[in-house]
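Participant: Under our numbering, the sequence shown has 85 at position 91, and the numbering climbs by one with no breaks.
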Amino acid sequence: MGRYNLTALRVRRTALAATQCGKPGTRQPWLDVMADIPPASILVRNQAPSHPVVKQRMKTIPGKSKPQIEIKVSAGRKQTSKKPSRIFQPKEIRYEEDSLRKEFFRDHPWELARPRVVLENDGNDHRRYNWQNIQQPGKKLDGE
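(1) Let's see if you can read the secondary structure: which residues bound the beta strand (DSSP E) around K49?
(2) Under three-state DSSP, which class holds S227?
(3) Which residues mark the beginning and the end of the alpha helix (DSSP H) in which R4 is found?
(4) Starting from F99, follow the alpha helix (DSSP H) in both directions and report where the run begins and ends.
(5) In angstroms with no decimal places, state the Cα-to-Cα distance between Y(-2) and S44.
(6) Determine the contact status of A11 and Q22, defining contact as a CB-CB distance below 7 angstroms.
Rendered as structure tokens:
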């Protein structure tokens, strides 16, 4: 336990041994290709480069006709070493929308109390309600 599984690196060697010992079957067509292009045997993952974080937004200034583009560039995070057991785990993916979502639910915590699933079953949900009125029979009043 705890050792690396190198079976994939030894596939060609195993197939050649099976062919040489006289097992029934023909020589596999991919053996020569694997001799030319062997699988990667690098077991070390290099540290990912740290990129600067660029945030861009439109800023409207009162009294001016055109909005102004504001760009903030911050340095990337410091290189921190990972535990050896975490080296081969994928990096966490972060999106810009995640921070907006986090800020929204921090400002509106009651939205998490009764989450809404916006899903139409058949695409005809707009025909079931009369949207001339806010109150709909059979539908609870909500923010949507």
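Quick reminder that beta carbons are idealized off the backbone N, C-alpha and C, glycines included.
Computed from a predicted structure; not experimentally measured.
Facilitator: Reading it off the structure:
(1) As a working note, residue 49 is residue 55 in the sequence shown. Segment 47 to 53, the beta strand (DSSP E) holding K49.
(2) Absent from the structure is residue 227, since the part of the chain shown begins at -5 and ends at 138.
(3) What you label residue 4 is simply residue 10 of the sequence shown in a count that begins at 1. That residue, R4, is in no alpha helix (DSSP H); it is neither H nor E in DSSP.
(4) The residue given as residue 99 occupies position 105 in the sequence shown. Residues 90 to 101.
(5) Translated into the one-based positions of the sequence shown, residue -2 becomes position 4. Translated into the one-based positions of the sequence shown, residue 44 becomes position 50. Distance between the alpha carbons of Y(-2) and S44 is about 28 angstroms.
(6) As a first step, residue 11 must be located in the sequence shown, where it is residue number 17. As a first step, residue 22 must be located in the sequence shown, where it is residue number 28. No. Outside cutoff.
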